[in-house]
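Engineer: Protein chains in written order, with my numbering: chain F, 33 to 265; chain D, 33 to 265.
Every residue, glycine too, gets a C-beta built ideally from N, C-alpha and C.
Only a predicted model underlies this, so the values are computations on that prediction, with no experimental measurement involved.
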DNA sequence: CGCTGTTGTTTGGTAAACCAATTTGTAGAA
DNA sequence: TTCTACAAATTGGTTTACCAAACAACAGCG
């Protein structure tokens with residue numbers, strides 16, 4: 033397990049290294065938008081890494097719109113200025129490991145908005161889905177089992193009901209990290225879980241009533257402990 | 033170009049198909065947390081696709097914390113209930129193509145929060161960086177050049193100054209999509225760009241003054257046109 | 001009968017080979 | 001000299017082959 037995370041870390045480091053060296057290359061050669069980068073084979077020779085690594089790095093930069101690969105032709109600098117390029121690459125390199133505090137802060141922001149939208153836009157299907165996750169959570173808590181995942185699932189159901197696919201995506205993205213870190217730091221304890229049932233039901237009822245203001249208030253109450261955690265460190 | 037997007041679409045479809053078939057397999061075989069999936073080779077035979085495709089699909093599910101690959105051992109179902117598994121996979125399958133409206137809605141939410149945080153937390157370095165992007169934007173607009181990317185860069189600088197790495201990540205994630213769609217739909221026209229200079233400077237000054245309330249107000253003004261676009265369709 | 005050392009198989013991970021499309025260089029004709 | 005036709009090299013993408021580690025089965029010893 034330890035070794036595994038180490039190798040993963042190494043791989044990430046290799047990829048980050050390649051990205052920064054591509055950035056240096058673009059700067060050194062004064063490549064402008066539309067210019068062609070050296071081929072993947074040449075880059076892998078130059079950087080002394082495998083072509084797979086180079087490809088992964090390029091694909092990552094392509095995802096953020098900085099490069100554009102064209103089959104049987106080459107990889108090109110996107111239509112973006114040199115300052116922009118450098119800034120975004122620096123950001124990309126830095127943002128690999130989000131700290132838990134910013135994760136929680138962002139989660140609170142997303143949830144307070146999505147619960148409002150859910151109260152405005154929820155369908156009957158959404159209600160049914162939320163009720164299912166609510167019951168699953170309650171059952172786990174009553175059996176004194178760990179219910180972190182069922183907890184998150186209720187919140188994901190809200191995000192889905194918000195009708196905003198981007199927020200839904202973001203919630204899904206941070207959920208695994210949240211689960212991992214919660215279990216690591218043991219943020220929630222048992223009596224909080226008992227309280228959580230009531231708070232979840234309150235949120236559910238507010239959404240059912242299509243009352244966005246009430247829903248947001250109940251969510252704020254639910255996040256009270258999280259707030260304290262977030263702004264105490 | 034047309035063909036290229038088609039093949040990309042096909043690849044995405046293949047991957048989505050594999051993900052849903054993996055879900056079906058887990059349901060059909062009643063696999064529980066910790067159980068082992070068939071090997072990648074068996075899955076690629078069974079699904080009649082290449083092992084690369086299977087690997088990509090598994091890696092995607094691994095990213096969302098639903099599966100766990102262990103080298104020289106196998107791929108295992110993560111510690112998550114069957115309801116959670118199905119729900120999250122359905123979400124993942126659905127959220128591949130975020131609509132532009134939800135993208136803009138989420139961007140407004142993130143920016144209104146991050147501009148507040150930036151006003152509270154910005155360092156002198158952040159100010160310098162923001163000023164650079166501000167000047168780059170102004171220069172492009174004065175030369176009557178397209179300045180969508182420089183516009184976004186100013187906003188990314190604010191996100192960086194917010195000191196929240198997760199929001200920074202999210203802004204980076206949606207920025208390419210925003211750029212693409214803005215250029216496609218021509219949301220901004222020229223006089224708006226002229227206005228944008230003043231509005232950007234107002235936001236910058238508010239952050240410089242460390243006035244979060246003012247900063248948020250100025251950002252709201254800047255987003256007025258976006259608001260209308262977002263809630264008019 | 002039970003434990004242990006060994007060997008063969010299976011696994012995810014990785015590098016190399018292959019492919020089709022594109023570009024580039026060149027030779028020849030007008 | 002210039003344009004065109006053709007071939008050879010280059011490219012990103014894909015498939016295949018290989019690897020070391022982990023696991024399972026079994027033979028041999030106590």
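#1: To the nearest angstrom, how far is it from the Cα of residue 39 of chain D to the Cα of residue 140 of chain F?
#2: Let's test the definition: count the other Cβ atoms within 10 Å of the Cβ of residue 95 of chain D and tell me whether it reaches 16, buried, or not, exposed.
#3: Does the separation of the CB atoms of residue 251 of chain F and residue 147 of chain F fall below 8 Å?
#4: Could you compute how far the alpha carbon of residue 209 of chain F sits from the alpha carbon of residue 247 of chain D?
#5: With a Cβ-Cβ cutoff of 8 Å, do residue 115 of chain D and residue 98 of chain D count as a contact?
#6: Please report the distance separating the alpha-carbon of residue 50 of chain D from that of residue 206 of chain D.
#7: Of the choices D:130, D:103, D:259, whose alpha-carbon is the least far from that of residue 192 of chain F?
#8: From this set, D:155, D:181, D:154, which residue's C-alpha is nearest residue 167 of chain D's C-alpha?
#9: Does residue 155 of chain F come out as helix, strand or coil in the three-state DSSP assignment?
#10: Is the beta carbon of residue 142 of chain F closer than 8 Å to that of residue 123 of chain D?
#11: Are the CB atoms of residue 177 of chain F and residue 109 of chain F nearer to each other than 8 Å?
#12: At the level of alpha carbons, what is the spacing between residue 170 of chain D and residue 119 of chain F?
#13: With respect to the beta strand (DSSP E) encompassing residue 102 of chain D, which residues constitute its N-terminal and C-terminal limits?
#14: Roughly how many angstroms lie between the CA atoms of residue 84 of chain D and residue 201 of chain F, to the nearest whole one?
#15: Assuming residue 109 of chain F is part of the beta strand (DSSP E), what are its boundary residues?
#16: Would you please verify whether the beta carbon of residue 40 of chain F is less than 8 Å from any beta carbon of chain D?
#17: Give a yes or no on whether the minimum CB-CB distance between residue 176 of chain F and chain D is below 8 Å.
#18: Ordered along the chain, which non-local residues of its own chain (more than five positions away) have a Cβ less than 6 Å from that of residue 71 of chain F?
#19: Return the residue from the list F:236, F:229, F:231 that minimises the CA-CA distance to residue 159 of chain F.
#20: Judging by CA-CA distance, which residue of F:253, F:90, F:204 is the nearest neighbour of residue 93 of chain D?
#21: Please report how far the alpha carbon of residue 229 of chain F lies from the alpha carbon of residue 172 of chain F, in whole angstroms.
#22: Use the C-beta contact count for residue 58 of chain F: other C-beta atoms within 10 angstroms, 16 or more gives buried, fewer gives exposed.
#23: Grab me the residues of residue 37 of chain D's own chain with a C-beta within less than 7 Å of its C-beta, minus the 5 sequence neighbours each way, in chain order.
#24: Hey, is residue 260 of chain D's beta-carbon within less than 8 Å of any beta-carbon in chain F?
#25: Closest to residue 244 of chain D by C-alpha separation, out of D:212, D:154, D:186, would be which residue?
#26: May I ask you to list, following chain order, the residues of the stretch 76 to 97 of chain D that have a beta carbon less than 9 Å from some beta carbon of chain F?
#27: Taking the alpha-carbon positions, what's the residue 44 of chain D to residue 190 of chain D distance?
#28: Taking the alpha-carbon of residue 133 of chain F as reference, which of D:195, D:212, D:117 has the nearest alpha-carbon?
#29: Name the chain F residues whose beta carbon is nearer than 9 Å to that of residue 245 of chain D?
#30: Could you name the residues of the same chain whose beta carbon sits closer than 8 Å to that of residue 211 of chain D, not counting the 5 residues immediately before and after it, in chain order?
Structural biologist: Well, looking at it:
#1: By one-based count along the second chain, residue 39 of chain D stands at place 7. By one-based count along the first chain, residue 140 of chain F stands at place 108. With a pLDDT of only 39 at residue 39 of chain D, under the threshold of 50, the placement of this residue in the model should not be trusted; the figure read from the coordinates follows. Using only the alpha carbons, I get a separation of about 39 Å.
#2: Here residue 95 of chain D refers to the residue found at position 63 of the second chain. Result: exposed.
#3: Within the first chain, the letter at position 219 stands for residue 251 of chain F. Within the first chain, the letter at position 115 stands for residue 147 of chain F. Yes, they are a contact pair.
#4: As a working note, residue 209 of chain F is residue 177 in the first chain. As a working note, residue 247 of chain D is residue 215 in the second chain. Using only the alpha carbons, I get a separation of about 31 Å.
#5: Residue numbering aside, residue 115 of chain D sits at position 83 when the second chain is read from its first letter. Residue numbering aside, residue 98 of chain D sits at position 66 when the second chain is read from its first letter. The Cβ-Cβ distance between residue 115 of chain D and residue 98 of chain D does not fall below 8 Å.
#6: On the second chain, position 18 is the one that residue 50 of chain D refers to. On the second chain, position 174 is the one that residue 206 of chain D refers to. In this structure, the straight-line span from the alpha carbon of residue 50 of chain D to that of residue 206 of chain D is close to 26 Å.
#7: Here residue 192 of chain F refers to the residue found at position 160 of the first chain. Minimum Cα distance to residue 192 of chain F is reached at D:130.
#8: Here residue 167 of chain D refers to the residue found at position 135 of the second chain. Selected option, being the one with the closest Cα: D:181.
#9: On the first chain, position 123 is the one that residue 155 of chain F refers to. Looking at residue 155 of chain F - three-state DSSP - the assignment turns out to be coil, as it is neither helix nor strand.
#10: Taking the first residue of the second chain as 1, we reach residue 123 of chain D at position 91. Taking the first residue of the first chain as 1, we reach residue 142 of chain F at position 110. Taking 8 Å as the cut-off, the beta carbon of residue 123 of chain D is found no closer than this to the beta carbon of residue 142 of chain F.
#11: As a first step, residue 177 of chain F must be located in the first chain, where it is residue number 145. As a first step, residue 109 of chain F must be located in the first chain, where it is residue number 77. Not a contact, by the Cβ cut-off of 8 Å.
#12: One-based indexing of the second chain puts residue 170 of chain D at position 138. One-based indexing of the first chain puts residue 119 of chain F at position 87. Rounded to whole angstroms, the separation of the alpha carbons of residue 119 of chain F and residue 170 of chain D is 18 Å.
#13: Along the second chain, read from residue 1 onward, the residue named residue 102 of chain D stands at position 70. Residues 99 to 102.
#14: As a first step, residue 84 of chain D is located in the second chain; it is residue number 52 there, counting from the start. As a first step, residue 201 of chain F is located in the first chain; it is residue number 169 there, counting from the start. Straight across, the Cα-Cα distance linking residue 84 of chain D with residue 201 of chain F is about 25 Å.
#15: On the first chain, position 77 is the one that residue 109 of chain F refers to. Residue 109 of chain F -> beta strand (DSSP E) spans 106 to 109.
#16: By 1-based counting over the first chain, the position of residue 40 of chain F is 8. Low per-residue confidence applies at residue 40 of chain F: pLDDT is 44, beneath 50, and the placement is therefore not dependable, though the value from the model is reported in the following sentence. By this cut-off, residue 40 of chain F is not an interface position.
#17: Taking the first chain and counting its residues from 1, one reaches residue 176 of chain F at position 144. Judged by the 8 Å Cβ criterion, residue 176 of chain F is not in contact with chain D.
#18: Position 39 of the first chain, counted from the start, is the residue given in the question as residue 71 of chain F. Closer than 6 Å at Cβ, skipping near neighbours: no residue.
#19: As a working mapping, residue 159 of chain F is identified with position 127 in the first chain. If we check each option's Cα against that of residue 159 of chain F, F:236 comes out closest.
#20: By 1-based counting over the second chain, the position of residue 93 of chain D is 61. Among F:253, F:90, F:204, the Cα nearest to that of residue 93 of chain D is on F:204.
#21: As a working mapping, residue 229 of chain F is identified with position 197 in the first chain. As a working mapping, residue 172 of chain F is identified with position 140 in the first chain. Taken atom to atom, the span from the alpha-carbon of residue 229 of chain F to that of residue 172 of chain F is near 10 Å.
#22: The sequence position of residue 58 of chain F within the first chain is 26, counting from 1. Residue burial annotation: residue 58 of chain F is buried, with at least 16 other C-beta atoms found within 10 angstroms of its C-beta.
#23: Translated into positions along the second chain, residue 37 of chain D becomes position 5. Because the pLDDT at residue 37 of chain D is just 34, under 50, the model does not fix this residue reliably, and the value given afterwards should be weighed accordingly. Result list for residue 37 of chain D: empty, nothing under 7 Å.
#24: Position 228 of the second chain, counting from 1, holds the residue named residue 260 of chain D. For residue 260 of chain D, the answer is no, since every Cβ of chain F falls outside 8 Å of its Cβ.
#25: For the purposes of this step, residue 244 of chain D is taken as residue 212 along the second chain, with counting starting at 1. For residue 244 of chain D, the nearest C-alpha among the options comes from D:154.
#26: Answer in chain order: 95, 96, 97.
#27: Within the second chain, numbered from 1, the residue matching residue 44 of chain D stands at position 12. Within the second chain, numbered from 1, the residue matching residue 190 of chain D stands at position 158. A direct Cα-Cα distance of roughly 33 Å separates residue 44 of chain D from residue 190 of chain D.
#28: Residue mapping note: residue 133 of chain F aligns to position 101 of the first chain, counting from 1. Comparing Cα-Cα distances from residue 133 of chain F to each of D:195, D:212, D:117, the minimum goes to D:195.
#29: To locate residue 245 of chain D, count along the second chain from 1; it is residue 213. Residues of chain F passing the Cβ test: none, with the nearest at roughly 17 Å.
#30: Along the second chain, read from residue 1 onward, the residue named residue 211 of chain D stands at position 179. Only 180, 181, 184 meet the Cβ criterion.
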